[in-house]
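Novice: Starting off with a structure, shown below.
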Amino acid sequence: MSFRYTLTNLDCADCAMNIETRLKKVTGFEDAAINFGTSTLTVASSDAARLQKEISQIDADIVIVKETERIQSSFSFGKIIKENSKDLILIAASAVLLVVLLSTEETLHTKGYVLFEYVLAGAAFLLCGYSVLIKAIKTVLRREYFDENVLMSIASIGAFSIHALEEAIGVMIFYQVGELLQSIAVKKSRHSIQKLLEIRPDYANLILESGAIERVNPQDVKVGDLLIVKPGEKIPLDATVIEGYSSIDTAVLTGESIPREVAAGATVLAGSINCTGKLTLKTIKLFAESSVSKILTMVEHATEKKAKTEKFITSFAKIYTPVIVFIALLVAVVPPLVVPAEQFTTWIYRALVLLVISCPCALVLSIPLGYFGGIGGASRKGILIKGSNFIDVLANVKHVVVDKTGTLTKGVFNVNKIVTCNGYSEKELLDYAVSIESHSNHPVAKSVHRYYESRYGCYRENDVTAYQEIHGGGVKGTIKGNEIIAGNTFLMSKENIDVAADDEGSTVLYVAVNRTLAGYFLLGDELKDDASDAIKALKKSGIQEVVMLTGDTKAAAKSVADKLSIEKYHASLLPEQKVAILETILQKTKKGEKVAFVGDGINDAPVLARADAGIAMGALGSDAAIETADIVLMTDHPSKVAEAIQIARLTKRIVVQNIVLSLGVKGIVLLLGVAGLASMWAAVFADVGVALLAVMNSTRALRA
């Protein structure tokens, strides 16, 4: 079992990485994972005191809070200024002393007041650099030498030692201001992410046995309890409407902005907002099993499945700093020893420039934020991506395999025609069909039920014995001594029953009585309203191939494929045959290209699991779909597939931009620094300035 904690005051990505690395080495915390985007720690331990002790050894300012005790934070610049007022005063005082030093330096030199010059410079330096020096000392005492605070301390003290006083102070001021701005940017980005996740209902209005209403925690509500939801309130748990009429806003769950009308008998989902009327609800799930809990769990745990890029950055960060420090050491020592005319102070200064850019903060900060921003932005549109690794997969999708029924079509069949055979009447055929199909939840079975009720009203259930559902074929059983088989061509062929129907491009349901064909139903299924736009959007986005799979007849498949301009399709397939076709497509795919499968998530679990990216549509209510799929679309709109791919591609572009920006600027400054063409000011910009730009760029993913 995993426990989640909020890490307050966690503003340093390098610290987060160090904490995670340290915890993984401690017995009982080996599975520790930190989500820097939401400041949360996930670990299989409830020993909060021991966790706090380990974390405090790295950063004493970080305090862990159990998730259940978490206080929602707000973001405002006024609050930020108030929280950092002490640091701002010290930075301002340091800046004033620096101005005094710059204006009096020549006079002090001329009159021989060098000691006073150093005292003034030292005071200015300590005012803004004290906290950095203290952190550096604590880090060194833990025998960790490649920390950002240690490197900045060495660089600034080194500048002092070669009499670059103004630069030592200026660089520390610039660094502290940059860290403060970076902290603000991270907090703002984190606040934006958390706002997307603030869909958890805070309370429920429970109707007591006495009839009184009590406001309670949704987690304390049981299945079957009655609730009152007033206009403007969030629906606290998944429930059935017992009384009332209202419109429900499901935008936070599905991304759909149009409210849905509900009345008695309708199912409503936790997290939705009741817009107009008062509703009386009967809960059907516990809060932990509700829709909103599933969404939050999926999104908050998404960063545990890291993309290859994130894993690379983590590994790269561990070697980047030692390598740059080693290069800086060589730069400081080798040239003066090899070339006698060279001054040690010149090359020490150049080495100090390299030390300032030796921390990979921009990468460690912005890459996780970029991925999580993409996941958070997608969730706002009703697209749940179960890990940043699937962002990378989606971004590289070039082939989309899509199921027909329930994905491109509505999956709501209508009986268009009934054909009787071998002397059976239409009523007899219907009686047998509706009786044998009464045990099935398949859309075809439901269409027969609806047709019967529209013609003859409610039907009397007949006792069905030896009932059996044939996967991908139909159903069979015995009614009043008669063997009844109802299903598709595959099942009839398997049972050696001759059928010959003009399917007219329709789905066909055959019914046989005692192995003699009694007749068949021609069923029609409507295309979804956005099915055509969905296929066009996929092709426009650069998808090379769209393939449709279906267990339906070839004629029915061709009819849909022609209407949607789908060139490739396969019909009359069993679930295992769908997997085989997907395997063939995967084998033919070029290296680096990915294949996505889109299905309803219920009958397509094997194919969803096998695809590079399994996308379950409209599957919020299906535990099987959420378990199997990599991406879950909260609505039944196939156009969301192209939207998910576009969000993934934008997120990937942002991540790549941040990598190029961070490494590019640092690389340029490194070369210029060795050549003596870059100052420590430029190095600080390459460090905290670029980190700030990268974090700001990452927030674009939230608006995807």
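So for the sequence shown, my numbering puts the first residue at 1; every next one is plus one.
By construction, the Cβ of each residue, glycine as well, lies at the ideal position given by its N, Cα and C atoms.
Counting along the chain, where does the beta strand (DSSP E) carrying residue 152 start and finish?
Specialist: Element bounds for residue 152: not the beta strand (DSSP E) but the alpha helix (DSSP H), 148-161.
Novice: Please report the residue range of the alpha helix (DSSP H) in which residue 780 lies.
Specialist: Outside the shown range of the chain, which is 1 to 704, sits residue 780, and nothing can be said about it.
Novice: Once the 5 residues before and after residue 214 are set aside, which same chain residues still bring their CB inside 8 Å of it?
Specialist: The answer, listed in chain order, is 205, 206, 208.
Novice: Whole angstroms are fine: how far does the CA of residue 508 sit from the CA of residue 697?
Specialist: The straight-line gap from Cα to Cα measures roughly 54 Å.
Novice: Assuming residue 414 contacts residue 516 under a Cβ cut-off of 8 Å, what Cβ separation, rounded to an integer in Å, is found between them?
Specialist: About 27 Å; that fails the 8 Å criterion.
Novice: Could you check the C-alpha separation between residue 184 and residue 81 for me, to the nearest Å?
Specialist: Looking at the two C-alpha atoms, the distance is approximately 10 Å.
Novice: What is the rounded straight-line gap between the Cα of residue 589 and the Cα of residue 451?
Specialist: Roughly 45 Å between the two C-alpha positions.
Novice: Can you list, in chain order, the residues of its chain with a C-beta nearer than 8 Å to that of residue 61? Leave out the 5 residues immediately preceding and following it.
Specialist: Excluding sequence neighbours, residue 61 sits near 9.
Novice: Quick one: is residue 231 buried, meaning 16 or more other Cβ sit within 10 Å of its Cβ, or exposed?
Specialist: Exposed: under 16 other Cβ atoms inside 10 Å.
Novice: Specify whether the segment 360-369 and the segment 169-189 touch according to this definition: at least 3 beta carbon pairs, one from each stretch, less than 8 Å apart.
Specialist: Output reads yes: the segment 169-189 touches the segment 360-369.
Novice: Could you say if the segment 521-537 and the segment 487-496 meet the contact criterion of at least three C-beta pairs nearer than 8 Å?
Specialist: As far as the Cβ criterion goes, the segment 521-537 does not touch the segment 487-496, which means the pair count is below three.
Novice: Evaluate residue 71 with the Cβ neighbour count: other Cβ atoms within 10 Å of its Cβ, from every protein chain shown; 16 or more gives buried, anything less gives exposed.
Specialist: Its pLDDT being 47, under 50, residue 71 is placed unreliably by the model, and the measurement read from it follows with that caveat. Exposed, by the Cβ-count rule.
Novice: Starting from the Cα of residue 236, find the closest Cα among 260, 581, 292 and give me that residue.
Specialist: Among 260, 581, 292, the Cα nearest to that of residue 236 belongs to 292.
Novice: Mind checking which residues open and close the alpha helix (DSSP H) that includes residue 453?
Specialist: 443-456 is the span of the alpha helix (DSSP H), which, as asked, contains residue 453.
Novice: For residue 274, count neighbouring C-beta atoms within 10 Å of its own C-beta (all shown protein chains included) and say buried if the count is 16 or more, exposed if not.
Specialist: Answer is buried; the Cβ neighbour count reaches 16.
Novice: Just list the alpha helix (DSSP H) runs in the segment 214-299, keeping only unbroken ones of 4 residues or longer that don't cross its boundaries, in chain order.
Specialist: For the segment 214-299, whole alpha helix (DSSP H) runs of length 4 or above, ordered along the chain, are 251-254.
Novice: When the Cα of residue 407 is compared with those of 532, 617, 652, which residue comes out closest?
Specialist: Of the candidates 532, 617, 652, the one whose C-alpha sits nearest the C-alpha of residue 407 is 617.
Novice: Looking only at its own chain, which residues have a Cβ that is under 7 Å from the Cβ of residue 57, when we skip the five neighbours before and after it?
Specialist: Same-chain partners within the cutoff: 142.
Novice: Mind checking residue 389: buried by the 16 CB within 10 Å criterion, or exposed?
Specialist: When all chains shown are included, residue 389 counts as buried.
Novice: Just how far apart, CA to CA, sit residue 541 and residue 646?
Specialist: C-alpha separation (whole angstroms): 8 Å.
Novice: State yes or no: is the C-beta of residue 474 within less than 8 Å of the C-beta of residue 484?
Specialist: No, they are not a contact pair.
Novice: Would you call the CB atoms of residue 244 and residue 267 closer than 8 Å?
Specialist: Going by C-beta atoms, residue 244 is not nearer than 8 Å to residue 267.
Novice: Check residue 309 in the structure and name its three-state DSSP category.
Specialist: Helix at residue 309.
Novice: Below 8 Å on the Cβ atoms is my guess for residue 328 versus residue 362; work out the distance and round it to an integer in Å.
Specialist: About 19 Å separates the two Cβ atoms, so there is no contact after all.
Novice: Got a sec, what are the start and stop residues for the beta strand (DSSP E) residue 707 sits in?
Specialist: Beyond the ends of the chain as shown, which are 1 and 704, falls residue 707; an answer cannot be given.
Novice: Closest by CA to residue 659, which one among 546, 316, 573?
Specialist: Closest by alpha carbon: 316.
Novice: Taking the alpha-carbon positions, what's the residue 638 to residue 565 distance?
Specialist: Cα to Cα, residue 638 sits roughly 15 Å from residue 565.
Novice: Report yes if the C-beta distance between residue 447 and residue 469 is below 8 Å; otherwise report no.
Specialist: It is not a contact, given that the beta carbons lie outside the stated cut-off.
Novice: Is the segment 670-688 touching the segment 391-407, taking contact as three or more C-beta pairs under 8 Å?
Specialist: The segment 670-688, when compared against the segment 391-407, does not touch it at the 8 Å Cβ threshold.
Novice: Identify, in the order they occur along the chain, each residue of the same chain with its Cβ nearer than 8 Å to the Cβ of residue 324, setting aside the five sequence neighbours on each side.
Specialist: Within the same chain, residue 324 has close Cβ partners 354, 355, 357, 358, 670.
Novice: Does DSSP classify residue 597 as helix, strand or coil?
Specialist: Residue 597: strand per DSSP, three-state reduction.
Novice: Let me check one thing: in DSSP terms, what residues is residue 476 bridge-paired to?
Specialist: According to DSSP, residue 476 bridges with 468, 485.
Novice: Which stretch, first to last residue, makes up the beta strand (DSSP E) that contains residue 118?
Specialist: Premise fails: residue 118 lies in the alpha helix (DSSP H), 114-141, not in any beta strand (DSSP E).
Novice: Please give me, in chain order, every unbroken run of the beta strand (DSSP E) with length at least 3 that falls completely inside the segment 523-599.
Specialist: Taking only runs of at least 3 residues, the beta strand (DSSP E) segments lying wholly in the segment 523-599 are 545-549, 568-570, 594-599.
Novice: Rounding to the nearest angstrom, what Cα-Cα distance links residue 22 and residue 85 in this structure?
Specialist: Distance between the alpha carbons of residue 22 and residue 85 is about 32 Å.
Novice: Tell me whether residue 200 sits in a helix, a strand or coil according to DSSP, three-state version.
Specialist: Here residue 200 sits in coil by DSSP.
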